[in-house]
Amino acid sequence: MRVIAARAPSLPEGPTRVVCTRERPMDSNIARRVCRRVPVNSSERERMAADMLKDMQRLGRIEGD
Numbered sequence: 051m052r053v054i055a056a057r058a059p060s061l062p063e064g065p066t067r068v069v070c071t072r073e074r075p076m077d078s079n080i081a082r083r084v085c086r087r088v089p090v091n092s093s094e095r096e097r098m099a100a101d102m103l104k105d106m107q108r109l110g111r112i113e114g115d
């Protein structure tokens, strides 16, 4: 029987990303894949925006300088 005592955290405001890791439950040695939604911090947002602009320039949707 599985009992989960913790309450799921509420999702933060703003953009999130999915992070998956392998974790071992306390009663087992077998690792399981666990995915969680975590907030995207400002440096990640800036990097993602820069990557999107580069991709758009590469595809010819934005005129380069």
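Each residue of the sequence shown is one higher than the last, beginning at 51 in our numbering.
Note that CB positions come from ideal geometry on N, CA and C, so glycine has one too.
Pull up the distance between the alpha-carbon of residue i and that of residue j, whole angstroms please.
i: E96; j: R72; result: 28 Å
i: P89; j: M76; result: 26 Å
i: M106; j: A99; result: 11 Å
i: V84; j: M102; result: 28 Å
i: R82; j: R74; result: 6 Å
i: R69; j: R87; result: Contrary to the premise, residue 69 reads as Val rather than Arg in this sequence. Each residue's alpha carbon lies about 6 Å from the other.
i: N91; j: G110; result: 29 Å
i: P65; j: R108; result: 25 Å
i: N79; j: R67; result: 28 Å
Which of the three DSSP states is assigned to residue i in this structure?
i: E96; result: helix
i: R82; result: strand
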